[in-house]
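Engineer: Have a look at this one.
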Amino acid sequence: MNSALIIILAFLLLSIFLGIRSSRGKDMNLEQWTVGGRGFGAIFVFLLMAGEIYTTFSFLGGSGWAYGKGAPALYVLIYITLSYVLSYWLLPEIWKYATENELMSQSDFFVSKYKSPFLGILAAVVGVVSMIPVIVVQLKGLGIIVSEASYGGISMSAAVWMGALSLTIYVMISGIHGSVWTAVIKDTLMIVIIGFLGIYLPLHYFGGFQPMFEAVDAAKPGFLKLPDEGLSVSWFISTVILLVFGFYMWPQVFSAVYSARSGKVFRKNAIISPIYTLMLLFVFFVGFTAILKVPGLVGADADLSLLRLSIETFDPWFIGIIGGAGLLTALVPGSMLLMSVATLLAKNVYKEMAPAASDRHIVRLAKSLVPIIALIAVYFTLNGGDTMSALILMGYSLITQLFPSLLFSLKRNNPINKYGAIAGIISGLAIVTCITISQSTIGTLFPSLPQAAKDLNVGIIALAVNFLVMLLVSLAFSKRAAQT
Amino acid sequence: MKMIYILTLVPFIGILGFLPFVNRIEPYVLGMPFNMFWMSMWVVLTSVILGIMYKLDPRNREGDQE
Numbered sequence: 001m002n003s004a005l006i007i008i009l010a011f012l013l014l015s016i017f018l019g020i021r022s023s024r025g026k027d028m029n030l031e032q033w034t035v036g037g038r039g040f041g042a043i044f045v046f047l048l049m050a051g052e053i054y055t056t057f058s059f060l061g062g063s064g065w066a067y068g069k070g071a072p073a074l075y076v077l078i079y080i081t082l083s084y085v086l087s088y089w090l091l092p093e094i095w096k097y098a099t100e101n102e103l104m105s106q107s108d109f110f111v112s113k114y115k116s117p118f119l120g121i122l123a124a125v126v127g128v129v130s131m132i133p134v135i136v137v138q139l140k141g142l143g144i145i146v147s148e149a150s151y152g153g154i155s156m157s158a159a160v161w162m163g164a165l166s167l168t169i170y171v172m173i174s175g176i177h178g179s180v181w182t183a184v185i186k187d188t189l190m191i192v193i194i195g196f197l198g199i200y201l202p203l204h205y206f207g208g209f210q211p212m213f214e215a216v217d218a219a220k221p222g223f224l225k226l227p228d229e230g231l232s233v234s235w236f237i238s239t240v241i242l243l244v245f246g247f248y249m250w251p252q253v254f255s256a257v258y259s260a261r262s263g264k265v266f267r268k269n270a271i272i273s274p275i276y277t278l279m280l281l282f283v284f285f286v287g288f289t290a291i292l293k294v295p296g297l298v299g300a301d302a303d304l305s306l307l308r309l310s311i312e313t314f315d316p317w318f319i320g321i322i323g324g325a326g327l328l329t330a331l332v333p334g335s336m337l338l339m340s341v342a343t344l345l346a347k348n349v350y351k352e353m354a355p356a357a358s359d360r361h362i363v364r365l366a367k368s369l370v371p372i373i374a375l376i377a378v379y380f381t382l383n384g385g386d387t388m389s390a391l392i393l394m395g396y397s398l399i400t401q402l403f404p405s406l407l408f409s410l411k412r413n414n415p416i417n418k419y420g421a422i423a424g425i426i427s428g429l430a431i432v433t434c435i436t437i438s439q440s441t442i443g444t445l446f447p448s449l450p451q452a453a454k455d456l457n458v459g460i461i462a463l464a465v466n467f468l469v470m471l472l473v474s475l476a477f478s479k480r481a482a483q484t
Numbered sequence: 001m002k003m004i005y006i007l008t009l010v011p012f013i014g015i016l017g018f019l020p021f022v023n024r025i026e027p028y029v030l031g032m033p034f035n036m037f038w039m040s041m042w043v044v045l046t047s048v049i050l051g052i053m054y055k056l057d058p059r060n061r062e063g064d065q066e
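Here the protein sequences come in this chain order: E and U. Letter by letter, the first sequence follows residues 1 to 484 in our numbering. Letter by letter, the second sequence follows residues 1 to 66 in our numbering.
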């Protein structure tokens, strides 16, 4: 075992230790295990949400896209920033309603707003299905980090298994509290490391940022601009809008909203959060530097670029520190995702069907589901060849389907009823599935459209259909209700 | 109150609305290609705008225990 792996292992043990410590002395009921007792102030909520938003995807996937696709990678920076503008209005409303009605999960929100247990189950299922690709991303990240840091000693698949195992253990012992404290360490460490790499690497290899970008531009003309077709300006705009709509629809992010002490917390956090995303710039700098220094990584291997470049540049002990930080960026969000999926299945699917089940029984069920979900994610990780970015975009096109009915539910006189909401979500999901399986784009579906329309993110179609079906079905059923 | 709604739209227009016109490499600013600089500048401006919204919003003046 080399020094890099030893240091990574030390990080893992430290985070498990913190998890055990923070859960000791508290009798963990379902509410504490999931929403942390609703007492978190601005800083805690900020860290909790940053813990979920900045995952190993921003670490490895962001540099991977800058490496593989160039300027289109900037979408990551922009969709997160614009989501915070939305959060200013959206989150206090969600928080207020959830607290008044003592809700625990996103499904509860739908059940309570639309008075439909079935809609709650549907929302839970959408959440579970959308989160699996994101868990896969975390496992991929863990796999990449461990196998790269072993300098070829540990295979990718063995590393993924180890990652899944540590993730499972971590979730089983700590609930949300463990995640918050590890999130503090994770974010601090990640900022320091990314800042360092993003400044040091371009300076070390090219003498500055501008010389680095000029060299990339000379080697790959047009790479630093959005292309005229494909990942073009219209792709960028439509993708960002789609992701902004989906941003707060993730069940784990949604329920993190519940853990706040007041609604003001979110308006306050919205101010500093965009600046925080600037850290992603440094991730891109690393990816762009890697283009000329570690060329030849194609397809999903682009996600390796940050670590490959680091291995070229630094001693093993420092790879250990980078890997340790990377491990935390997978472990913290990964644990929350696993916990969310398990809780959704136990509480919002199983309990709806077997209402007599006691809270203790549900907690036990949720905990025992964790390893099963981890196994499913391992299966997809080992059998899929997509880049992290492709996986994230797929998860987003699924989860965004919850946005139209959620947004309308915040209106005082909601024109949408449960039939419309259910029909809209189901038709949106059906279209996403068809599009994903047939690998269609708007260009292949409607070849006669102008280029700008062809490049629109295909998820827009699913969302538009969802919206229309929702309106029409609501209208049809409200008429019928009025007649009888 | 109206002002706040307008401010909400400003970052979207600044970043997405202007994108076709700023999708260029030259001139470099702060070492970054122009499109990257433009977006980074707007990220900072978004924070500023949200700060102004927070100040203007009467809801934040209520004595909330925070």
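Note that beta-carbon positions come from the ideal geometry of N, C-alpha and C, so glycine has one too. Note that the structure is predicted; figures quoted are calculated from it, not measured.
Examine the Cβ distances between the segment 363 to 373 of chain E and the segment 143 to 158 of chain E and report whether three or more of them are shorter than 8 Å.
Structural biologist: no
Engineer: With a threshold of 8 Å between beta-carbons, can E:Lys293 be considered close to chain U, or not?
Structural biologist: For the purposes of this step, residue 293 of chain E is taken as the residue at position 293 of the first sequence. It does not; no Cβ of chain U falls within 8 Å.
Engineer: Taking C-beta to C-beta, are E:Asp455 and E:Thr387 nearer than 8 Å?
Structural biologist: Along the first sequence, one-based indexing puts residue 455 of chain E at 455. Along the first sequence, one-based indexing puts residue 387 of chain E at 387. Result no, Cβ atoms of E:Asp455 and E:Thr387 do not sit closer than 8 Å.
Engineer: Just reading off the alpha helix (DSSP H) that E:Asn383 is part of, what are its end residues?
Structural biologist: Your numbering for residue 383 of chain E matches position 383 in the first sequence. Run containing E:Asn383: 359 to 383, per the alpha helix (DSSP H) assignment.
Engineer: Relative to the C-alpha of U:Pro20, which residue among E:Val184, E:Ile237, E:Ile362 is closest?
Structural biologist: As a first step, residue 20 of chain U is located in the second sequence; it is residue number 20 there, counting from the start. Here the closest residue by C-alpha is E:Ile237.
Engineer: With a threshold of 8 Å, are at least 3 pairs of Cβ atoms found where one atom belongs to the segment 289 to 305 of chain E and the other to the segment 103 to 115 of chain E?
Structural biologist: Flag = no, the segment 289 to 305 of chain E and the segment 103 to 115 of chain E do not touch.
Engineer: Listed from N- to C-terminal order along the chain, which residues in the segment 76 to 87 of chain E have their beta-carbon within a distance smaller than 8 Å of any beta-carbon of chain U?
Structural biologist: Leu77, Ile78, Thr81, Leu82, Tyr84, Val85
Engineer: Going by Cα to Cα distance, which pick from E:Leu402, E:Ser474, E:Asn417, E:Val253 is closest to E:Lys115?
Structural biologist: By one-based count along the first sequence, residue 115 of chain E stands at place 115. Measuring from the Cα of E:Lys115, the nearest candidate turns out to be E:Asn417.
Engineer: Within 10 angstroms of its Cβ, does E:Thr188 collect 16 or more other Cβ (buried), or is it exposed?
Structural biologist: Position 188 of the first sequence, counted from the start, is the residue given in the question as residue 188 of chain E. With a threshold of 16 other beta carbon atoms within 10 Å, E:Thr188 falls short and is exposed.
Engineer: Against chain U, does E:Lys454 count as a neighbour if the rule is that its beta carbon must be under 8 Å from one of theirs?
Structural biologist: Residue 454 of chain E sits at position 454 when you count from the first residue of the first sequence. Judged by the 8 Å Cβ criterion, E:Lys454 is not in contact with chain U.
Engineer: Return the residue from the list E:Ala290, E:Leu471, E:Pro274 that minimises the CA-CA distance to E:Gly198.
Structural biologist: Here residue 198 of chain E is taken as the residue at index 198 of the first sequence, counted from 1. Ranking E:Ala290, E:Leu471, E:Pro274 by Cα distance to E:Gly198 puts E:Ala290 first.
Engineer: If we count Cβ pairs, one from each stretch, closer than 8 Å, do we get three or more for the segment 127 to 142 of chain E versus the segment 339 to 346 of chain E?
Structural biologist: By the Cβ criterion, the segment 127 to 142 of chain E is in contact with the segment 339 to 346 of chain E, since at least three pairs of Cβ atoms, one from each stretch, lie closer than 8 Å.
Engineer: Would you grab the beta carbon distance between E:Leu18 and E:Thr182 for me? Rounded to a whole angstrom, and I think it's under 8 Å.
Structural biologist: By one-based count along the first sequence, residue 18 of chain E stands at place 18. By one-based count along the first sequence, residue 182 of chain E stands at place 182. Between E:Leu18 and E:Thr182, the beta carbon gap of about 6 Å places them in contact (Cβ cut-off 8 Å).
Engineer: Taking all protein chains shown into account, do 16 or more other C-beta atoms lie within 10 angstroms of the C-beta of U:Lys2, making it buried, or fewer, making it exposed?
Structural biologist: For the purposes of this step, residue 2 of chain U is taken as residue 2 along the second sequence, with counting starting at 1. Exposed.
Engineer: Determine the DSSP secondary structure at U:Val29, reduced to helix, strand or coil.
Structural biologist: The residue you call residue 29 of chain U lines up with position 29 of the second sequence. The answer is strand: DSSP assigns U:Val29 an E or B state.
Engineer: Of all the residues that make up the segment 225 to 246 of chain E, which are near chain U by a beta-carbon distance shorter than 7 Å?
Structural biologist: Lys225, Leu226, Val233, Phe236, Ile237, Val240
Engineer: If you reduce the DSSP assignment to three classes, tell me which class U:Phe18 lands in.
Structural biologist: Here residue 18 of chain U refers to the residue found at position 18 when the second sequence is read from its first residue. Residue state, collapsed to three classes: coil.
Engineer: How long is the line joining the alpha carbons of E:Lys351 and E:Ile362, rounded to whole angstroms?
Structural biologist: Taking the first residue of the first sequence as 1, we reach residue 351 of chain E at position 351. Taking the first residue of the first sequence as 1, we reach residue 362 of chain E at position 362. Just so you know, the alpha carbons of E:Lys351 and E:Ile362 end up roughly 7 Å apart.
Engineer: Cβ of E:Leu278 less than 8 Å from any chain U Cβ?
Structural biologist: Here residue 278 of chain E refers to the residue found at position 278 when the first sequence is read from its first residue. Closer than 8 Å: yes.
Engineer: Kindly list the residues whose CB is nearer than 7 Å to the CB of E:Gly25, restricted to its own chain and excluding five residues on each side of it in sequence; keep chain order.
Structural biologist: As a working note, residue 25 of chain E is residue 25 in the first sequence. Note that E:Gly25 has pLDDT 44, beneath the 50 cutoff, so the model's placement of it is unreliable and no number is given.
Engineer: Shortest alpha-carbon distance to E:Gly152 belongs to which of E:Leu5, E:Ser397, E:Ile392?
Structural biologist: In the first sequence, the residue the question calls residue 152 of chain E occupies position 152. For E:Gly152, the nearest C-alpha among the options comes from E:Leu5.
Engineer: Report the three-state DSSP secondary structure of E:Ala10 (helix, strand or coil).
Structural biologist: In the first sequence, residue 10 of chain E corresponds to position 10, counting from 1. Helix, per DSSP.
Engineer: Chain E partners of U:Ile25, CB-CB under 8 Å?
Structural biologist: For this step, residue 25 of chain U is matched to residue 25 along the second sequence. Near U:Ile25 (Cβ distances below 8 Å), the residues of chain E are Phe213, Asp217, Leu224, Lys225.
Engineer: Measuring only between beta-carbons, confirm whether U:Gly51 sits less than 8 Å from chain E.
Structural biologist: By 1-based counting over the second sequence, the position of residue 51 of chain U is 51. Interface residue, yes.
Engineer: Could you check which residue in E:Leu471, E:Pro450, E:Ile442 has the C-alpha nearest to that of E:Ala423?
Structural biologist: Here residue 423 of chain E refers to the residue found at position 423 of the first sequence. Residue E:Leu471 is the option with its Cα nearest to E:Ala423.
Engineer: Could you tell me the alpha carbon to alpha carbon distance between E:Lys140 and E:Thr381, rounded to whole angstroms?
Structural biologist: For this step, residue 140 of chain E is matched to residue 140 along the first sequence. For this step, residue 381 of chain E is matched to residue 381 along the first sequence. If I take the Cα positions, the gap works out to 6 Å.
Engineer: Less than 7 Å between C-beta atoms, sequence neighbours within five positions excluded: which residues of the same chain meet that for U:Asp64?
Structural biologist: The residue labelled residue 64 of chain U in the question sits at position 64 within the second sequence. A caution first: U:Asp64 carries a pLDDT of 49, below 50, which makes its placement in the model too unreliable to give a value.
Engineer: For E:Glu312, I'd like the list of residues in its chain whose CB is within less than 8 Å of its CB, leaving aside the five on either flank, ordered along the chain.
Structural biologist: Here the question's residue 312 of chain E lines up with position 312 in the first sequence. Hits under 8 Å: Lys293, Val294.
Engineer: Determine the closest residue to E:Phe477 out of E:Thr168, E:Tyr248, E:Pro415, with distance taken between C-alpha atoms.
Structural biologist: As a working note, residue 477 of chain E is residue 477 in the first sequence. The shortest C-alpha separation from E:Phe477 is found at E:Pro415.
Engineer: Going along the chain, which residues of the segment 9 to 35 of chain U sit with their C-beta nearer than 8 Å to a C-beta in chain E?
Structural biologist: Going along the segment 9 to 35 of chain U in chain order, one finds Pro11, Phe12, Ile15, Leu16, Leu19, Pro20, Asn23, Arg24, Ile25, Tyr28, Leu30, Gly31, Met32, Pro33, Asn35 with a Cβ nearer than 8 Å to chain E.
Engineer: Can you tell me whether E:Ala290 is helix, strand or coil according to DSSP?
Structural biologist: Stepping through the first sequence from its first residue, residue 290 of chain E is reached at position 290. In the structure shown, E:Ala290 sits in a helix (DSSP, three-state: H, G or I).
Engineer: Using a Cβ-Cβ cut-off of 8 Å, state whether U:Met39 counts as contacting chain E.
Structural biologist: Residue 39 of chain U sits at position 39 when you count from the first residue of the second sequence. By this cut-off, U:Met39 is an interface position.
Engineer: So, is the C-beta of U:Asp57 closer than 8 Å to a C-beta in chain E?
Structural biologist: Start at 1 with the first residue of the second sequence, and residue 57 of chain U comes out as number 57. U:Asp57 counts as touching chain E.
Engineer: Classify E:Leu223 as helix, strand or coil using the three-state DSSP reduction.
Structural biologist: Taking the first sequence and counting its residues from 1, the one referred to as residue 223 of chain E is at position 223. According to the sequence shown, residue 223 of chain E is Phe rather than Leu. If DSSP states are grouped into helix, strand and coil, E:Phe223 belongs with coil.
Engineer: Between E:Pro117 and E:Val126, is the Cβ-Cβ spacing less than 8 Å?
Structural biologist: Numbered from 1 along the first sequence, position 117 holds the residue referred to as residue 117 of chain E. Numbered from 1 along the first sequence, position 126 holds the residue referred to as residue 126 of chain E. Not in contact: E:Pro117 and E:Val126 (Cβ atoms no closer than 8 Å).
Engineer: Would you mind stating whether E:Gly70 and E:Leu201 have Cβ atoms separated by less than 8 Å?
Structural biologist: What you label residue 70 of chain E is simply residue 70 of the first sequence in a count that begins at 1. What you label residue 201 of chain E is simply residue 201 of the first sequence in a count that begins at 1. Not closer than 8 Å, so no.
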